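*Asks:*
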Amino acid sequence: MPNLRLSTQLRTRSLVAPQLVAQSALLELDCLELEERLREELAENPALEPDERPRPEPSWPLPPLPGAARWLWDGSLGDTRGEPPGLDETLPAPYTLREDLAWQLRLTAPTALRASGLRLIESVEDSGYLEADLADIAAELGVSLACLQQALEHLQRLDPPGVGARTLSECLLLQVQRRREQGEPVPWGTEAVLRACTGTVRLNLEAELAQRSGVRLSQVETILDFVRRHLTPYPGGAANLSPSLPEPGFPLYPDVILLQEGERFQVEIPRSRVHDLQLSRAYLTLERVRREASSFGPAAGEGSSARGEETDPRALLERARGFLRLLQRREAVLRQVTEAVVACQRGFLLHGAAQHRPLTKKKVAALTGLSESTVCRATRGKFVMLPSGEVVSFDLFFASALPAQQELARLVRQEPAGRPLSDQALVRALRAAGYKLARRTVAKYRHALGLPCAAVRKALALQA
């Protein structure tokens, strides 16, 4: 006889309700993705239909600039027809690497080298490399090769370090040279190893590099680690001249609009006509007729499993009601999170970066009673239109770099005339102020703030 007995066992399992999954997925969408999702649901579910009733005006007047704000309220984001301008037309054109180099060159180069230098800049790729033959350019301009070489050397002294290089080895050597000029540490033998990076040699072939350069293997490994940490193979990518734009010409559509009246802020969630959905009147009528008929007894075929959920009017109506509830919940959460962020960063919105306060999503979650993951979903990949008309990422309110950038800007403003601070000197000054940043980080912040390098600032001071 088998030994049978009953027993109890406690186990924990995490169960996620389908409704919660759908809510999280909808909350994560930005305004353009949401509009696409609305169109899909409208096409799939006949129990939903557009609401053609006149729309109410916003509770607060929208700012006169840019016109895209009212375009968002009155029209569809996906419709490019009509007179009002799109948001992409209100954004400044991105500042390119070549434009920045030309500006630096005009300020620093001798008159005799400017024409040659500007022609070289035209051949600089977005990566920062010079993709042209000097002999061809010299013949085109009618100048000597020696004169063009001088212009190239001047170009290679501009920011970002490494720009104007023709090979990877030259690019890295230029960056090492700049670090030495600024008094930054460079491992012994770095130049010899980088000069050995020619032909088919790759940076991970330590033994071959050691043999070619005459540097011992352990030191080669140290040098390669230094290269990976502190140098970049694409100097043009380090310029970051348009940090507010994901890519040149990419239009930013706000998920939230902040309106200002005095020192008060109002949160508006822009909605296109596609957002105006309602339950189908025909399906509601059918539901009412069936409900009245059911009081006299079950109708023919009632409860039959032959009718699928995709065509069952009751199931379609229930799905439509659930979807509309999710839309309302998404808007409520987005508004709640934005209001909490505005309350925490009111000084920043009123007075600028100097009043930016440290803020985490965990703190916003505590203020709103939402989970931290919900706050992350509500802000990830979304944009806010400020009262000035500028469209910024939600991440700006959580950016810990703003105070450091503000201090950097202050240091540059107050530096002695004609004696600008190098990036390494700025690193030391920022560390004294409590901001422990690497030199590359300081250079990145300087580019983001539109501050030229020390050489250009010195030239500007001499011209003043």
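The opening position of the sequence shown corresponds to residue 238 in this note's numbering, with each subsequent residue numbered one higher.
Glycine included, C-beta positions come from ideal geometry on N, C-alpha and C.
Note that the structure is a prediction, hence the values are computed from the model and not measured.
When DSSP labels each residue in this structure, what does residue 624 get in the three-state scheme?
*Replies:* For the purposes of this step, residue 624 is taken as the residue at position 387 of the sequence shown. It is coil, neither helix nor strand.
*Asks:* Assuming contact is defined by CB atoms lying nearer than 7 angstroms, are residue 491 and residue 578 in contact in what I supplied?
*Replies:* If you number the sequence shown from 1, residue 491 lands on position 254. If you number the sequence shown from 1, residue 578 lands on position 341. Taking 7 angstroms as the Cβ cut-off, residue 491 and residue 578 do not qualify as a contacting pair.
*Asks:* When DSSP builds the beta bridges, which residues end up paired with residue 287?
*Replies:* The sequence position of residue 287 within the sequence shown is 50, counting from 1. Paired residues: 514.
*Asks:* If residue 338 sits next to residue 395, beta carbons under 8 angstroms apart, how far is it from one beta carbon to the other, in whole angstroms?
*Replies:* Stepping through the sequence shown from its first residue, residue 338 is reached at position 101. Stepping through the sequence shown from its first residue, residue 395 is reached at position 158. The pair is a contact, with the Cβ atoms about 6 angstroms apart (cut-off 8 angstroms).
*Asks:* Distance, Cα to Cα, residue 688 vs residue 515?
*Replies:* Residue mapping note: residue 688 aligns to position 451 of the sequence shown, counting from 1. Residue mapping note: residue 515 aligns to position 278 of the sequence shown, counting from 1. Approximately 52 angstroms between the Cα atoms of the pair.
*Asks:* What's the C-alpha gap between residue 618 and residue 432?
*Replies:* Here residue 618 refers to the residue found at position 381 when the sequence shown is read from its first residue. Here residue 432 refers to the residue found at position 195 when the sequence shown is read from its first residue. So the two alpha carbons sit approximately 43 angstroms from each other.
*Asks:* Cutting at 7 angstroms between CB atoms, please list the residues of its own chain near residue 380, excluding the five before and the five after it.
*Replies:* Taking the sequence shown and counting its residues from 1, the one referred to as residue 380 is at position 143. 353.
*Asks:* List the endpoints of the continuous alpha helix (DSSP H) containing residue 362.
*Replies:* Within the sequence shown, the letter at position 125 stands for residue 362. Run containing residue 362: none; DSSP gives neither H nor E here.
*Asks:* Can you name the start and end residues of the beta strand (DSSP E) that residue 464 belongs to?
*Replies:* The residue labelled residue 464 in the question sits at position 227 within the sequence shown. Where residue 464 is concerned, there is no enclosing beta strand (DSSP E), although the alpha helix (DSSP H) it sits in stretches over 454-467.
*Asks:* Give me the residue from 404, 615, 583 with the minimum Cα distance to residue 630.
*Replies:* As a position in the sequence shown, residue 630 is number 393, starting the count at 1. Out of 404, 615, 583, 615 has the C-alpha closest to the C-alpha of residue 630.
*Asks:* Alpha carbons only, please: which of 554, 562, 656, 592 is nearest the one belonging to residue 281?
*Replies:* In the sequence shown, counting from the first residue as 1, residue 281 sits at position 44. That would be 554, whose Cα lies nearest to the Cα of residue 281.
*Asks:* Between 347, 669, 400, which lies nearest to residue 696 when the distance is taken from Cα to Cα?
*Replies:* Within the sequence shown, the letter at position 459 stands for residue 696. For residue 696, the nearest C-alpha among the options comes from 347.
*Asks:* At a cut of 8 angstroms, does the region 513-527 reach the region 643-652 through at least three beta carbon pairs?
*Replies:* Taking 8 angstroms as the limit for Cβ pairs, the verdict is that the region 643-652 does not touch the region 513-527.
*Asks:* Hey, out of 364, 368, 356, whose CA is closest to residue 375's CA?
*Replies:* On the sequence shown, residue 375 is found 138 positions in, with the first residue counted as 1. The residue with the shortest Cα to Cα distance from residue 375 is 356.
*Asks:* Taking 6 angstroms as the limit between beta carbons, can you name the residues of its chain near residue 694, skipping five residues before and five after?
*Replies:* Against the sequence shown, residue 694 aligns to sequence position 457. Around residue 694: 657.
*Asks:* Confirm the yes/no value for this check: CB of residue 678, any heavy atom of the ligand SAH, distance under 6 angstroms.
*Replies:* Ligands are entirely absent from the displayed structure, and the ligand SAH is therefore not among its contents.
*Asks:* Report all residues from its chain with a CB closer than 6 angstroms to the CB of residue 463; omit the five preceding and five following residues, and keep chain order.
*Replies:* For this step, residue 463 is matched to residue 226 along the sequence shown. Closer than 6 angstroms at Cβ, skipping near neighbours: 424.
*Asks:* Output the boundary residues of the beta strand (DSSP E) element that contains residue 498.
*Replies:* Residue numbering aside, residue 498 sits at position 261 when the sequence shown is read from its first letter. Note, residue 498: beta strand (DSSP E), 493-498.
*Asks:* Could you name the residues of the same chain whose beta carbon sits closer than 7 angstroms to that of residue 518, not counting the 5 residues immediately before and after it, in chain order?
*Replies:* Numbered from 1 along the sequence shown, position 281 holds the residue referred to as residue 518. Cβ within range, chain order: n/a, list empty.
*Asks:* For residue 504, report the span of its beta strand (DSSP E) as first-last.
*Replies:* Indexing the sequence shown from 1 puts residue 504 at position 267. Residues 501-505.
*Asks:* Roughly how many angstroms lie between the CA atoms of residue 245 and residue 570, to the nearest whole one?
*Replies:* As a working note, residue 245 is residue 8 in the sequence shown. As a working note, residue 570 is residue 333 in the sequence shown. Residue 245 and residue 570: Cα-Cα distance of roughly 42 angstroms.
*Asks:* Does the beta-carbon of residue 703 have 16 or more other beta-carbons within 10 angstroms, so that it is buried, or is it exposed?
*Replies:* The chain is shown from 238 up to 701; residue 703 falls before or after that span and cannot be answered.
*Asks:* Nearest by alpha-carbon distance to residue 551: which of 667, 264, 285, 624 is it?
*Replies:* Counting from 1 along the sequence shown, the entry for residue 551 is found at position 314. Nearest of 667, 264, 285, 624 to residue 551, Cα basis: 285.
*Asks:* Counting only runs that start and end within the region 364-412, where is the alpha helix (DSSP H) found for 4 or more residues in a row?
*Replies:* Runs of the alpha helix (DSSP H) inside the region 364-412: 371-378, 382-392.
*Asks:* Could you tell me the distance, in whole angstroms, from the CA atom of residue 661 to the CA atom of residue 420?
*Replies:* Taking the sequence shown and counting its residues from 1, the one referred to as residue 661 is at position 424. Taking the sequence shown and counting its residues from 1, the one referred to as residue 420 is at position 183. So the two alpha carbons sit approximately 7 angstroms from each other.
*Asks:* Need the endpoints of the alpha helix (DSSP H) that residue 595 sits in, please.
*Replies:* As a position in the sequence shown, residue 595 is number 358, starting the count at 1. It is not in any alpha helix (DSSP H) - residue 595 carries neither H nor E in the DSSP assignment.
*Asks:* If you draw a straight line from the alpha carbon of residue 538 to that of residue 560, how long is it in whole angstroms?
*Replies:* Taking the first residue of the sequence shown as position 1, residue 538 is located at position 301. Taking the first residue of the sequence shown as position 1, residue 560 is located at position 323. Interpretation of residue 538 is limited by its pLDDT of 49, a score under 50 that renders its predicted location unreliable; the figure taken from the coordinates is listed afterwards. Cα-Cα distance, rounded: 28 angstroms.
*Asks:* On the CB-based measure, 16 or more other CB atoms within 10 Å of its CB, does residue 289 come out buried or exposed?
*Replies:* Locating residue 289 in the sequence shown gives position 52, counting from the first residue. Per the 10 Å Cβ criterion, exposed.
*Asks:* Is residue 413 near residue 460, with beta carbons less than 7 angstroms apart?
*Replies:* By one-based count along the sequence shown, residue 413 stands at place 176. By one-based count along the sequence shown, residue 460 stands at place 223. Contact flag unset, no.
*Asks:* Buried or exposed, going by whether 16 or more other CB atoms sit within 10 Å of the CB of residue 526?
*Replies:* For this step, residue 526 is matched to residue 289 along the sequence shown. Result: exposed.
*Asks:* Alpha carbon to alpha carbon, how far is residue 602 from residue 564? Give it in angstroms, no decimals.
*Replies:* Residue 564 sits at position 327 when you count from the first residue of the sequence shown. Residue 602 sits at position 365 when you count from the first residue of the sequence shown. Each residue's Cα considered, the two are about 20 angstroms apart.
*Asks:* Closest to residue 691 by CA distance: which of 344, 265, 620, 274 is it?
*Replies:* Position 454 of the sequence shown holds residue 691. Checking every option, the nearest Cα to that of residue 691 belongs to 344.
*Asks:* How should residue 622 be labelled, buried or exposed, when 16 other C-beta atoms within 10 angstroms of its C-beta is the threshold for buried?
*Replies:* Numbered from 1 along the sequence shown, position 385 holds the residue referred to as residue 622. By the neighbour-count rule (16 or more Cβ atoms within 10 Å), residue 622 is buried.
*Asks:* Could you check if residue 393 is buried or exposed, using at least 16 other CB atoms within 10 Å of its CB as the buried criterion?
*Replies:* Translated into the one-based positions of the sequence shown, residue 393 becomes position 156. Looking at its Cβ environment, which holds 16 or more other Cβ atoms inside 10 Å, residue 393 is buried.
*Asks:* Terminal residues of the continuous alpha helix (DSSP H) containing residue 345?
*Replies:* Along the sequence shown, read from residue 1 onward, the residue named residue 345 stands at position 108. Where residue 345 is concerned, the enclosing alpha helix (DSSP H) stretches over 334-345.
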